[in-house]
Every structure is written in structure tokens, then in C-alpha cells.
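The numbering used here puts the first residue of the sequence shown at 19, with every later residue one more than the last. We treat Cβ as the ideally placed atom computed from N, Cα and C, and that holds for glycine. These numbers come from a predicted model, not from an experiment.
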Amino acid sequence: MIDELQRFYQQRYGDEGDVTPVSTTDFAPPRGHFVIGWSDGEPVACGGWRARDGGDEPALRPGDAELKRMYVRETHRGRGFARALLAELERTAAAAGRLRCVLETGTAQPEAIALYTSAGYRPMPNFGTYRDYPNSRCFAKTIDMIGRSDQ
19 MIDELQRFYQ QRYGDEGDVT PVSTTDFAPP RGHFVIGWSD GEPVACGGWR ARDGGDEPAL
79 RPGDAELKRM YVRETHRGRG FARALLAELE RTAAAAGRLR CVLETGTAQP EAIALYTSAG
139 YRPMPNFGTY RDYPNSRCFA KTIDMIGRSD Q
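Encoded structure:
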């Protein structure tokens, strides 16, 4: 699905896709999590979070969980997969002790921006690989403590 996502980025942005350095180990618990959504035995959605504890000042803070590789196959869009995936990523990040979810997307993905803003994400200073790109948009949301083991 990640290859399919990269092709989607290539079509939308007319470039090589997302070049942000990401390793599968970034999503290994307890400092990350990756989810695949299934429908009728077929993978149709994916996304994950990885711990980010500052280092890209002033945007990132200790306790951040960066959302990465959120994608729903075109044939399954509009069915609630993205919203369910987002909720699960927020839930697992909160349970792992993360304080805020952050993400980067672009203006060529208005449906992603609409999803995030409708779910309570607010604009934040740009960070990461695309911080200086004019069509990059970054968002953040403080996440609930529900499900945290330290309560």
C-alpha cells in the first residue's frame, strides 16, 4: 500500500512522492504504531504514528506523535475508513503517553485537510522535510488522556 500511496503523491504533486525519511522501525511500539484497515479480506487503508520529541524547533514538542502514511484506496474512499483510522491512531498514541498528534500534508490534498480540520486539528508552524515548501501545511491536535496506562 505504501507504493500505491507514493504513486498517489506523484500524481497529485508531479514529483517523486514523499521523500521524508521514514523507516519501518519508526512505527515499532512503544514509540510508534502502524494500522492497516481491511475490507472483505483486502487491505484498503493504512497509516501510522511515530514519536517525535522535539528536535524541529519550535514546531515539535516532547510528547508529539507524528502521523505518517495515511492513505485510503480510491475504491474505498467516502466510507469512513480515514476517520476511523485517524481515531485509532489518536487512541493508540494517547495510550502510549503521547500528548499531541502532528502532521504535514499539502494543498494538493484538500480532502485530507478537510478531514483533519473537521477532526479538531489546527494549523501549526511547518516542520520536517517540507517546512519551506509553499504548499506544505502542518496541523496539530492535543489528544485525550483516555486509555493511558498512567491514569
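DSSP places residue 61 in the strand class (E or B) of the three-state scheme. In this structure residue 61 is not in contact with residue 72, their Cβ atoms being roughly 33 Å apart against a cut-off of 8 Å. According to DSSP, residue pairing for residue 54 in a beta bridge involves 64. The C-beta of residue 98 has fewer than 16 other C-beta atoms within 10 Å across all chains shown, which makes the residue exposed. Secondary structure remark: continuous alpha helix (DSSP H) runs of at least 4 residues inside the stretch 102-143, in chain order: 128-136. If you ignore the 5 residues before and after residue 160, its C-beta comes within less than 8 Å of the C-beta of 117 and 118, all in its own chain and listed in chain order. Listed in chain order, the non-local C-beta contacts of residue 65 below 8 Å within the same chain comprise 52, 53, 85, 86, 87, 88, 89, 103, 104 and 107, local neighbours out to five positions each way being set aside. Residue 153 holds the alpha-carbon nearest to the alpha-carbon of residue 32 among 162, 158 and 153. The Cβ atoms of residue 101 and residue 121 do not sit closer than 8 Å to each other.
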